[in-house]
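Here the structure is laid out as structure tokens; the discussion comes afterwards.
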Amino acid sequence: MFFCITRTLSNSLETVLASVSLFYWLSHKGSSRGVQAGSRKMALSVAALACIVRPTSAITWLYLGILEFIQAYDRFKFLFLEVVPIGILVIILSCWLDWWMYGSWVFAPLNFLKFNLLSSGGDYYGTHKWHWYFSQGFPAMLFTFLPFSLIGIFHSKEWRLSGLIAWVLGVYSILGHKEFRFVLSMLPFALMFSGYFLANVSGDQSHDHKQKRLSFFCIRCPSRKYLVLFLIATNVPMALYMSLVHQVSDSS
Numbered sequence: 065m066f067f068c069i070t071r072t073l074s075n076s077l078e079t080v081l082a083s084v085s086l087f088y089w090l091s092h093k094g095s096s097r098g099v100q101a102g103s104r105k106m107a108l109s110v111a112a113l114a115c116i117v118r119p120t121s122a123i124t125w126l127y128l129g130i131l132e133f134i135q136a137y138d139r140f141k142f143l144f145l146e147v148v149p150i151g152i153l154v155i156i157l158s159c160w161l162d163w164w165m166y167g168s169w170v171f172a173p174l175n176f177l178k179f180n181l182l183s184s185g186g187d188y189y190g191t192h193k194w195h196w197y198f199s200q201g202f203p204a205m206l207f208t209f210l211p212f213s214l215i216g217i218f219h220s221k222e223w224r225l226s227g228l229i230a231w232v233l234g235v236y237s238i239l240g241h242k243e244f245r246f247v248l249s250m251l252p253f254a255l256m257f258s259g260y261f262l263a264n265v266s267g268d269q270s271h272d273h274k275q276k277r278l279s280f281f282c283i284r285c286p287s288r289k290y291l292v293l294f295l296i297a298t299n300v301p302m303a304l305y306m307s308l309v310h311q312v313s314d315s316s
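Counting the sequence shown from 1 gives a position; this note's numbering is that position plus 64.
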């Protein structure tokens with residue numbers, strides 16, 4: 065996170081937009097119908113912008129869109145009165161901006177897909193095994209948060225988010241060329257599960273049922289204070305190194 069998000073990478077903006085759009089997307093669940101419609105439209109607008117910035121963001125929203133279409137009571141209104149109009153509007157805006165910058169009509173997302181998907185142009189920069197994101201890439205990104213995220217995922221009922229992470233990692237695993245930054249947008253959601261775990265850990269194991277469920281894995285787990293100190297001690301040095309030393313630009 066500290067290596068990518070501090071740099072002017074399109075993946076950094078994609079991650080921010082994914083977090084904002086998912087916030088609005090999940091907040092419309094369980095709200096009144098008026099609030100639901102407003103939050104859902106805001107989420108779709110930000111998601112459409114993310115897909116223009118990085119067309120691969122469509123991987124995320126294909127998963128969420130299919131779930132919504134299956135579960136929504138107003139599925140056809142959702143598709144034809146929200147998804148299609150917002151998508152067309154953002155595509156028109158994107159084409160106009162590309163025409164203004166390039167001086168000719170260019171649909172940049174199509175060129176992006178042609179190079180990265182249809183022609184496998186990214187393979188020129190190296191390839192990894194299909195399981196790399198699961199076995200090395202994403203675990204390395206989580207670093208010492210990994211065990212906390214796994215426990216949080218196991219005990220959380222938010223299967224949509226954990227399923228989203230697995231879906232995105234799985235789709236990206238199909239491509240030969242793999243990089244940490246490609247799945248950066250999933251990192252905040254994995255860290256949310258770490259927060260869920262830490263929020264339910266304390267020295268007192270006599271709390272509610274949810275606390276008792278987590279205590280099954282944490283019988284000898286240190287208190288929350290020591291776990292947080294452990295995360296700070298292991299992540300702050302890495303954050304400083306990644307932000308200030310590793311691949312730093314030559315100011316001269």
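Note that the Cβ used here is the ideal one computed from N, Cα and C, for glycine as well.
CA-CA distance, residue i and residue j?
| i | j | result |
| --- | --- | --- |
| Ser109 | Leu86 | 11 Å |
| Lys193 | Thr124 | 22 Å |
| Ala82 | Ser121 | 8 Å |
| Leu153 | Phe261 | 40 Å |
| Pro301 | Leu177 | 37 Å |
| Ser307 | Phe67 | 6 Å |
| Thr208 | Leu248 | 16 Å |
| Leu131 | Trp223 | 12 Å |
| Trp196 | Met165 | 37 Å |
| Ser220 | Phe294 | 23 Å |
| Met250 | Leu181 | 20 Å |
| Val170 | Asp162 | 6 Å |
| Ile150 | Arg139 | 15 Å |
| Ser183 | Met65 | 29 Å |
Comparing alpha-carbon positions, which option in the options lies nearest residue i?
| i | options | result |
| --- | --- | --- |
| Ala112 | Leu131, Ile134, Glu146 | Glu146 |
| Leu89 | Val80, Thr79, Ala101, Glu78 | It should be pointed out that residue 89 corresponds to Trp in this sequence rather than to Leu. With distances taken between Cα atoms, Trp89 lies closest to Ala101. |
| Phe202 | Ala254, Phe179, Glu78 | Ala254 |
| Ser199 | Leu181, Tyr260, Leu233 | Leu233 |
| Ile69 | Arg245, Lys221, Met256 | Arg245 |
| Arg104 | Phe142, Asp187, Asn75 | Phe142 |
| Tyr188 | Tyr236, Pro119, Phe257, Gly240 | Gly240 |
| Glu78 | Met106, Pro119, Ser91 | Pro119 |
| Asn75 | Phe218, Gly190, Ile116, Met256 | Ile116 |
| Asn299 | Ala230, Leu206, Asn264 | Leu206 |
| Pro211 | His310, Gly259, Val309, Val148 | Gly259 |
My output table needs one value for residue i: the three-state DSSP class, helix, strand or coil.
| i | result |
| --- | --- |
| Cys68 | coil |
| His219 | helix |
| Phe253 | helix |
| Ala136 | coil |
| Gly185 | helix |
| Trp196 | helix |
| Thr208 | helix |
| Lys242 | coil |
| Pro119 | coil |
| Thr191 | coil |
| Asn264 | coil |
| Val309 | coil |
| Trp163 | helix |
| Ser287 | coil |
| Phe176 | helix |
Exposed or buried, which one is residue i when buried takes at least 16 other CB atoms within 10 Å?
| i | result |
| --- | --- |
| Leu128 | buried |
| Lys242 | buried |
| Tyr290 | exposed |
| Gly190 | exposed |
| Leu126 | exposed |
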